[in-house]
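Report on the following structure.
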Amino acid sequence: MNTSRLITLAISAGFALTPTLHATQQKHIDVHKKGTTSMAQARALVESPATSALYAMKPKAMRKQMPKPFVGRSHVELNKATSAGLVFGGFPIVAPDKTFTGFDGLDSTDSGEANGFVVEPPDQGLATNGEEILEPVNLALRVFTKTGAPLTPPVSLNAFFGVPTAPNKDGSTDQLSDPRAFYDWESKRWFVTILEYATTPAGALVGGSEVIVAVSDTSDVLGTYTVQSIDVSDAGFGQCPCLGDQPLLGLNKDGVYLNTNEYSNTTGFFQTALLIAVSKRDLIAGSSSVAAAGFDGLPVAEGQAFSIQPSFPSPGTSTTENRGTEYLVSSLDFTGTVDNRLAVWSLTNTQSLNGSVPNLNLQLTVIPTQEYGQPVPAVQRVGSYPLGQSLGEPEEAIDTGDDRMMQVFYSQGKLYAALNTVLLDPKGASGPRTGAAWFAIDPNATFSSVSGKIWKQGLIGIANGAVMYPAFAVNGEGNGVIAFSLTGENYFPSTGYVDFSKGSVSPKVHLAGIGQTPDDGFSGYPEFGGGGVGRWGDYSAAMVSPNGDLWMAAEYIPNTFSRPRTTYTNWGTFVYQVH
């Protein structure tokens, strides 16, 4: 796509509103109570390990059917195809801040022992009240103290959510994926979500899909949870029922907000983004009748909305304007090339979720931004990779996903967001690499409109390597972090972060969890259906504790002596914080 045309579109659309999506366009969303659970109950539940496979690959976070223009193209061609906005030299890599602490989280061995098989990639969840840390990944959960002492063993997510691993009567098997978590500082409750869907023995999708939400009954992370199931099949729209891929999570005072990307069970093609608002009050009460509403078929600019990321509120941030407001952000690269726009969304009158019939107003605007574009696979430092070497394969590259929006925080009137992007070498001496683009947005919503403008923005990258899967969190004082994984010619896959303070990113990457060996997971090797690029991510996490501390978690490759690998996987996670 011609870059100059993109810029023209962005400027002309900067504050233009699309037609209002009125309450009459809301969809009914089915929510049903599944029961209760607890860490102790999940630990006590004994299930037979899966015997169909020793390894399993989570379905790739699906992408709209886009070309991949950067694959197989030289950096010279890429430089000609884009403007100078993606040229970035890179930040130096330095030691962590003095207030930094961190510890090993869950790894592939933990997940494998909890489930009887291993899976890639982990998909990073994180929640904290400042004293305890709840970490869900594919497909396990664990609770730690803030110093890293485990309060539970690794717990199977199937056991925690009450999803059996045995085949259903029709021969299909229920699958789980994409965990997320949040500690709500207003209600002092823990929220954990996950996608559930079913597949045949051949891997075909059958039936609908659901997002399961577990909400703690008290502030005790180790106590009981009420489990609710939200239908995200979107039956009746296009070629649905669909798989509601990669549920995104956000909250405000009134509601819990989800977005799924709907892919047809029969054709596999993208149908729509499905945006859902659920009463937080009803979820906390464990009600058998939960108010909820949804929106689908959402046009934006010249395409269809995709991965509309709801926002988390930082502690102390008010979301009561317009009888309750939830802001959301999505990227607009419809062609898998480059773009320089974002969509800013608002849901107002969210207080109506406290009644039996929600009456929500959904608005959006498109704003001009810096350029961002489809990322490229990342290289890693050369080292020992026993699985790949036993297969006679070269060291795999690392999948950096696409340029969809990652998590969003709302703090003191500003939205903070980040995504993966391609970066170009300023000297043109090396090929494209992956970094992060970040955005601080000044939004404003009324009942009938939303506007927004960029307050601050920038790029993050390193020389001869990649920064990938950024997660941006900002506290009420305006201080924040952007957490991510990093890898490169001189670094095994590691975790890192940059500091953010009052509108500025400190121009240096702090190395946190230091990778010890290359990624050597099965997903990148042809013998297991891979194409030389191993799965990673699909997202990192960053959260703000009630006292304003900044907590992060991301994937890396730990020391195999202290954190033994499995035959087919060697990923780990690292949990870290700065004050």
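Residue 190 in my numbering sits at position 190 of the sequence shown, with consecutive numbering throughout.
Cβ coordinates follow ideal geometry from the N, Cα and C atoms, glycine included.
Would you identify the three-state DSSP class for Thr-350, choosing helix, strand or coil? DSSP places Thr-350 in helix when its eight states are reduced to three.
Could you spell out where the beta strand (DSSP E) holding Ile-441 opens and where it closes? Its beta strand (DSSP E) spans residues 433–445.
Chain-order list of residues whose beta-carbon lies under 6 Å from that of Lys-188 (same chain, five-residue window excluded): Ser-219
With distances taken from CA atoms, which of Pro-394, Arg-433 and Asn-340 is nearest Pro-368? Asn-340
Minimum length 3: unbroken beta strand (DSSP E) runs contained in the region 254–342: 255–264, 270–279, 292–295, 309–313 and 325–331
Could you tell me if Phe-447 is buried or exposed, where buried requires 16 or more neighbouring beta carbons within 10 angstroms of its beta carbon? exposed
In terms of DSSP beta bridges, what is Leu-243 paired with? DSSP lists Tyr-263 as partners of Leu-243.
With DSSP as the reference, identify every bridge partner of Val-376, one or two as the case may be. Val-376 is not bridged to any residue.
Is DSSP giving Thr-36 helix, strand or coil here? strand
What does a CB cutoff of less than 6 Å around Glu-77 pick up in its chain, not counting 5 residues either side in sequence? Here Glu-77 scores only 40 on pLDDT, less than 50, and its place in the model is too uncertain to base an answer on.
For the alpha helix (DSSP H) containing Thr-109, name the first residue and the last one. In the DSSP annotation of this structure, the continuous segment of the alpha helix (DSSP H) that includes Thr-109 starts and ends at 108–115.
Compute the distance between the beta-carbons of Phe-492 and Arg-381, then report whether it is under 7 Å. yes
Closest residue to Gln-412 among Val-232, Asp-107 and Lys-502 (Cα-Cα distance): Lys-502
Name, in chain order, the residues that DSSP records as bridge partners for Val-575. Residue pairing by DSSP places Val-575 opposite Phe-103 and Ala-553 in a beta bridge.
With a threshold of 6 Å on Cβ separation, who are the neighbours of Leu-222 within its own chain once the five nearest residues in sequence on each side are excluded? The answer, listed in chain order, is Met-39.
For Pro-377, tell me which candidate among Gln-363, Ser-390, Ile-398 and Leu-362 has the shortest Cα-Cα distance. Check the Cα spacing between Pro-377 and each of Gln-363, Ser-390, Ile-398 and Leu-362: the tightest is with Ile-398.
Pairwise C-alpha distance: Gly-529 and Thr-266: Using only the alpha carbons, I get a separation of about 22 Å.
For Gly-524, three-class secondary structure by DSSP: helix
Count the other CB atoms within 10 Å of the CB of Ala-127; is the residue buried (16 or more) or exposed (fewer)? buried
Supposed close pair Ser-497, Ala-512 - CB separation, criterion 8 Å: A small correction: the amino acid at residue 497 is Tyr; Ser does not occupy that position in the sequence shown. Correct: roughly 6 Å between the Cβ atoms.
Taking the beta carbon of Thr-145 as the centre, do at least 16 other beta carbons fall within 10 Å, making it buried, or is it exposed? exposed
In angstroms with no decimal places, state the Cα-to-Cα distance between Val-366 and Val-450. 10 Å
Going straight from the alpha carbon of Asn-570 to that of Gln-516, what length do you get? CA-to-CA, the gap between Asn-570 and Gln-516 works out to about 11 Å.
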